[in-house]
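Engineer: Sending over a structure as structure tokens; questions will come in a sec.
Protein chains in written order, with this note's numbering: chain A, 23 to 291; chain B, 9 to 178.
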């Protein structure tokens, strides 16, 4: 009896499903609205089914995709590296155009640079093999950076302008008095122009240039802007200077060497 | 009620439904139907498959002879016939089937009969309104139509019960 009951229930279900499908078919055949509705529902259902199967397939293809992505990533890294090198060379070449007569210019890149100390230094990626000599100046388009102190085969060690041990000869304005410019030891872009005779008048905001007297740097390289002054020992002015050079962004520099340095030093000796 | 009397009443109610379907168009929110109560009252000695066939024919008759989508009433009415046995079993108990008897308000009370009627009406109307709208009508419209149709059809069906399941059958 139980088996018969189950079979009857099953038969009822089959008849029910058949009737509903037949009525649905009849409905969609005779009414456009219902036909579109059923078609849309069918498409949505099929979309779900196929979309899910596609997701499963994609999951199993991930290993291959990952491998391809790794290859592509490697290729892009190589391209990026090559492009960076070309850009670096282009920058160095552009700097070389600014030539100073009587001076040899060697483009270089800063390898290491200290900025947080009282005696800061710079290491460049050019050495005596590249023509770099001791007692050469280091400049950028924004001013003076340092002085080469020691040279190895492929590298040069330089004292930064942010160093209490060095000072360079600088001039106030285009025809003003000259003095010694050194770092103020406090601000990254602060310097003091010392030993300016009192008779030389200037205005706050005047530009400070290299004088060319030090033999290390070509003349007329803009260094910074003159600020307030104070009289020292009643004889000279000490003027605050705001440097143009931003030491936090220095990367490409130019090593300048006075071609006549040895000859001139021969006189002084 | 004798077997022949039931079927005469059934055919008369079918004619009444035809008149309603063709001439009772007061508002689009109300769909007045007697069909679920007719199917619910089919004698229990007739099995589920038989009840589904009767429901299908009843629905198709209304669909063919009245304005509307062919197959829509049959589509909504066959499920009522399919769940009829389970619904009666659930609400009135299995002894009704064991005795092959029929239900009535006097024997089982208004609440039980009304529940069975409401559930079959609800099933029919949900399918009918859903398929009739075919996804083009907003939910609020279908909701109002369902509520209004359920209320009016329930009241008319309660009156119809007096014809299809009179107290003399107790």
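Every residue, glycine too, gets a C-beta built ideally from N, C-alpha and C.
Note that this is a predicted model, so its numbers are computed, not measured.
Using a Cβ-Cβ distance under 8 Å, would residue 37 of chain A count as near chain B?
Structural biologist: With respect to chain B, the C-beta atom of residue 37 of chain A has a partner C-beta closer than 8 Å.
Engineer: With DSSP as the reference, label residue 45 of chain A as helix, strand or coil.
Structural biologist: helix
Engineer: Flag residue 131 of chain B as yes if its beta-carbon sits less than 8 Å from any beta-carbon of chain A, otherwise no.
Structural biologist: Contacts with chain A at 8 Å (Cβ-Cβ) do not include residue 131 of chain B.
Engineer: If you measure from the beta carbon of residue 42 of chain B to each beta carbon in chain A, is any gap under 8 Å?
Structural biologist: no
Engineer: Tell me, please, which residues DSSP counts as bridged to residue 212 of chain A.
Structural biologist: A:264
Engineer: Under a CB-based cut-off of 8 Å, is residue 66 of chain A close to chain B?
Structural biologist: no
Engineer: Any Cβ of chain A within less than 8 Å of the Cβ of residue 56 of chain B?
Structural biologist: yes
Engineer: Taking contact to mean 3 or more Cβ pairs, one atom from each stretch, closer than 8 Å, check whether the segment 259–276 of chain A and the segment 205–212 of chain A are in contact.
Structural biologist: Segments in contact, yes.
Engineer: Taking CB distances under 8 Å as the criterion, tell me whether residue 149 of chain B reaches chain A.
Structural biologist: Chain A contact via Cβ: absent.
Engineer: Can you tell me whether DSSP reads residue 177 of chain B as helix, strand or coil?
Structural biologist: Interpretation of residue 177 of chain B is limited by its pLDDT of 43, a score under 50 that renders its predicted location unreliable; the figure taken from the coordinates is listed afterwards. In the displayed model, residue 177 of chain B falls within a helix according to three-state DSSP.
Engineer: Can you list the residues of chain A that residue 79 of chain B reaches, using a CB-CB cut of under 9 Å?
Structural biologist: Near residue 79 of chain B (Cβ distances below 9 Å), the residues of chain A are 44, 45, 46, 47, 48, 49, 50, 51, 52, 53, 56.
Engineer: Taking all protein chains shown into account, decide if residue 188 of chain A is buried (16 or more other Cβ within 10 angstroms of its Cβ) or exposed.
Structural biologist: buried
Engineer: Got a sec: which bits of the segment 56–74 of chain B sit with their beta carbon under 7 Å from any beta carbon on chain A, in order along the chain?
Structural biologist: Of all residues in the segment 56–74 of chain B, 56, 57, 60, 64 have a Cβ within less than 7 Å of some Cβ in chain A.
Engineer: Say whether the segment 189–202 of chain A touches the segment 222–241 of chain A, bearing in mind that this needs 3 or more beta-carbon pairs closer than 8 Å, one atom from each stretch.
Structural biologist: In short, these stretches touch, since the Cβ pair count reaches three.
Engineer: Among residues of its own chain, excluding the 5 on either side of residue 279 of chain A, which ones have a beta-carbon nearer than 7 Å to its beta-carbon?
Structural biologist: 125, 126, 155, 158
Engineer: Would you call residue 103 of chain A buried or exposed, if buried means 16 or more other Cβ atoms sit within 10 Å of its Cβ?
Structural biologist: exposed
Engineer: In the DSSP assignment, find the beta strand (DSSP E) that holds residue 185 of chain A and state where it starts and stops.
Structural biologist: 178–185
Engineer: Determine the chain B residues that contact residue 62 of chain A at a beta-carbon separation under 8 Å, and present them in chain order.
Structural biologist: Contact note: residue 62 of chain A reaches chain B through 143, using a C-beta cutoff of 8 Å and chain order.
Engineer: Would you please verify whether the beta carbon of residue 34 of chain A is less than 8 Å from any beta carbon of chain B?
Structural biologist: yes
Engineer: Tell me, please, whether the CB atom of residue 159 of chain B is closer than 8 Å to any CB atom in chain A?
Structural biologist: For residue 159 of chain B, the answer is no, since every Cβ of chain A falls outside 8 Å of its Cβ.
Engineer: With DSSP run on the structure shown, which of helix, strand or coil describes residue 85 of chain A?
Structural biologist: helix
Engineer: Skipping 5 residues on each side, what residues in its chain have a beta carbon closer than 7 Å to that of residue 195 of chain A?
Structural biologist: 224, 228, 229
Engineer: Quick one: what does DSSP say residue 66 of chain B is sitting in, helix, strand or coil?
Structural biologist: helix
Engineer: Using the Cβ count rule (16 or more neighbours within 10 Å means buried), how would you classify residue 275 of chain A?
Structural biologist: buried
Engineer: Mind reading off the beta-carbon distance from residue 49 of chain A to residue 89 of chain B? Whole number of angstroms is fine, and I expect it under 8 Å.
Structural biologist: Cβ atoms of residue 49 of chain A and residue 89 of chain B stay farther apart than 8 Å, at about 18 Å.
Engineer: Pairs of beta-carbons, one from the segment 30–43 of chain A and one from the segment 53–60 of chain B, closer than 8 Å: are there three or more?
Structural biologist: Contact between the segment 30–43 of chain A and the segment 53–60 of chain B is present, because at least three Cβ pairs lie under 8 Å.
Engineer: Determine, using beta carbons only, whether residue 116 of chain B comes closer than 8 Å to chain A.
Structural biologist: no
Engineer: Mind checking residue 15 of chain B: buried by the 16 CB within 10 Å criterion, or exposed?
Structural biologist: In summary, residue 15 of chain B is exposed, with fewer than 16 beta-carbon neighbours lying within 10 Å of its beta-carbon over all protein chains present.
Engineer: Does the beta carbon of residue 47 of chain B sit closer than 8 Å to a beta carbon anywhere in chain A?
Structural biologist: Against chain A, the CB of residue 47 of chain B has no partner CB under 8 Å away; the residue lies outside that interface.
Engineer: Three or more beta-carbon pairs under 8 Å between the segment 76–87 of chain B and the segment 43–50 of chain B, yes or no?
Structural biologist: yes
Engineer: Rounded to the nearest angstrom, how far is the Cβ of residue 77 of chain B from that of residue 56 of chain A, given a contact under 8 Å?
Structural biologist: 6 Å
Engineer: Could you please give the first and the last residue of the uninterrupted alpha helix (DSSP H) stretch that includes residue 287 of chain A?
Structural biologist: 283–290
Engineer: If you drop the 5 nearest sequence neighbours on each side, which residues of the same chain put their C-beta closer than 7 Å to that of residue 179 of chain A?
Structural biologist: 143, 145, 171, 172
Engineer: For residue 86 of chain B, which residues in chain A fall below 7 Å Cβ to Cβ?
Structural biologist: 38, 41, 42, 45
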